[in-house]
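Counting in the working numbering, the sequence shown runs from 10 upward without gaps. Just so it is clear, CB atoms sit at the ideal spot from N, CA and C, and this is done for glycine as well. Bear in mind that the values here come from a model prediction, so they are computed numbers and not experimental data. Each remark here refers to the structure printed beneath this line.
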Amino acid sequence: MKEIILLKQGEMVLKGLNRRGFEDRLMGNAKRRLRKYGDFHIYARQSITYVEPRSEDCDFEGAWEAMKRLFGVAGLTRARACEKDKDAMVAAAAEYLGPQLRSASSFKVEAKRADKSFPLNSIQLSQYVGGELHEAFPHLRPDMHHPDITVHLEVREEVAYVHADPEPGAGGLPVGIGGRAVSLLSGGIDSPVASWMIAKRGIAVDMVHFYSYPYTSPEAKEKVLDLARLLVPWCGRTVVHVVPFTAIQEELRRSCPEALFTILMRRFMMRIAQKVAGRIQAGALVTGESLGQVASQTLDAMACTNAVCTLPVLRPVVGMDKEEIVRIARRIGTFETSILPYEDCCTVFTPKHPRTKPKLDELEEAEAALDVEAMVDQAVAGIERVVLDL
């Protein structure tokens with residue numbers, strides 16, 4: 010019988026009366042990711058989401074890789090369906106898991122009997138299949154505590170499934186179940202990781218990138234779009250709002266004290282991002298700020314940045330050091346793109362001695378010489394929207 014994918018639900022199983030909404034969101038996200046791999050039947054039973062190909066021409070390997078990046082899945086495994094018969098389960102386990110059983114030195118069998126009409130209970134089924142497999146693979150030593158391989162048997166309403174230990178899944182919650190946020194995406198290492206981390210908590214993200222042509226190159230812009238594309242398999246469909254930022258930076262250079270330039274620039278970024286959030290009905294802003302990493306990421310500086318926002322500002326990597334952030338970037342596949350040597354707008358007009366402990370009143374005094382609303386509106390009016398889909 011055919012091979013299927015079993016998705017083990019994570020923390021969503023702890024939800025109460027709204028749990029069905031989490032399951033529906035997970036299945037909807039899975040369907041969107043699987044469209045390009047063929048026709049799959051997706052359904053949920055008893056904390057398991059089943060991904061079952063409807064035809065032989067489905068790209069099963071592509072589907073498997075896509076499901077590894079599906080937030081809301083604690084673990085996933087490939088399983089072989091077979092008849093609900095004890096000897097059929099032995100035969101399926103011996104064939105389907107044969108290479109793993111031959112390479113292991115110890116094993117155990119765990120059975121779950123969701124169909125209570127099945128004549129053997131879980132313990133009896135485990136003992137029977139375990140005994141038969143030991144006969145077929147005599148080199149295997151039964152080990153109930155630390156086996157090299159565990160053979161799992163699941164007796165469901167229609168068929169039985171045989172599989173080995175699940176692989177870790179992406180974890181978290183289904184994207185979109187917690188609402189929407191706007192993430193400020195630069196070309197660095199931190200902001201893609203922050204976007205990934207907030208998506209893992211069930212938040213759908215649109216992204217805002219600040220582009221300072223001609224001080225930053227078209228290649229730098231394309232690098233950021235490449236980073237966003239790398240996040241799409243994890244985060245789902247997104248829109249990158251590319252903001253023309255040159256005019257604001259040039260006006261700040263002309264009109265404001267150099268030492269305050271960086272934090273003033275950040276305040277304009279947050280104002281613009283909040284405007285974008287209002288357009289798409291997002292409930293928060295997301296940044297890749299890590300406490301103390303650069304001048305604009307001190308407590309004083311972040312307080313001054315927050316002062317222009319009415320929406321919550323989420324900083325998923327704020328307590329991480331660089332090595333921790335890099336480790337995640339490598340895992341999710343963004344690191345090599347992030348370190349490509351293209352400048353971004355944050356490196357333009359960088360002051361020699363940026364203020365690390367800015368005062369809100371001095372920032373507001375510097376901004377009093379500017380037509381802040383007009384500058385923000387002009388930048389927002391020039392936004393280019395780049396839609397990236399699965």
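- Taking the C-beta atoms as reference points, Leu193 is found nearer than 9 Å to Phe219.
- Taking Gly211 as reference, the option from Met384, Ala304, Arg189, Leu320 with the minimal CA-CA separation is Arg189.
- A Cβ-Cβ separation of about 15 Å leaves Leu379 out of contact with Glu267 under the 8 Å criterion.
- Between Val248 and Ile289, the C-beta gap is smaller than 9 Å, which places the two residues in contact.
- Taking Lys366 as reference, the option from Ile57, Arg339, Val303 with the minimal CA-CA separation is Val303.
- One thing to note: Met206 has its Cβ no nearer than 9 Å to the Cβ of Ile13.
- Counting along the chain, Met274 sits inside the alpha helix (DSSP H) bounded by residues 270–289.
- Contact check for Gly181 against Ala213 fails: the beta carbons are separated by 9 Å or more.
- Annotation: the segment 357–395 contains the following complete segments of the alpha helix (DSSP H) (minimum length 4 residues), in chain order: 369–376, 381–390.
- Here the C-alpha atom of Ala53 lies approximately 8 Å from the C-alpha atom of Met36.
- DSSP places Ala312 in no beta strand (DSSP E) but in the uninterrupted alpha helix (DSSP H) bounded by 308–315.
- Annotated as proximal: Phe116 and Thr159, with beta-carbon spacing under 9 Å.
- In the DSSP assignment, Ala101 falls outside any beta strand (DSSP E) and within the unbroken alpha helix (DSSP H) covering 95–105.
- Pairing Ser112 with Arg150 gives a Cβ-Cβ distance that is not under 9 Å.
- The residues Ser115, Phe116, Lys117, in chain order, have a CB closer than 7 Å to that of Pro156 in the same chain once the five nearest residues on each side in sequence are set aside.
- Secondary structure note for Thr159: its beta strand (DSSP E) is the uninterrupted segment 158–164.
- Around the beta-carbon of Asp199, 16 or more other beta-carbon atoms lie within 10 Å, marking it buried.
- Relative to the Cα of Phe49, the nearest Cα in the group Gln133, Lys11, Glu298, Ala237 belongs to Lys11.
- In this model, Glu374 and Ala203 are separated by some 32 Å (Cα to Cα).
- Cβ atoms of Leu372 and Arg276 come within 8 Å of each other, at about 7 Å.
- Annotated as proximal: Val217 and His250, with beta-carbon spacing under 9 Å.
- Under DSSP, Ala90 takes part in a beta bridge, and its partners are Tyr170.
- In this structure, Ala83 and Gly178 form a Cβ contact; the two beta carbons are roughly 5 Å apart against a cut-off of 8 Å.
- By the neighbour-count definition (other C-beta atoms within 10 Å, threshold 16), Tyr222 is an exposed residue.
- If only complete runs of 3 or more residues are kept, the segment 190–269 shows the beta strand (DSSP E) at 213–220, 247–253, in order along the chain.
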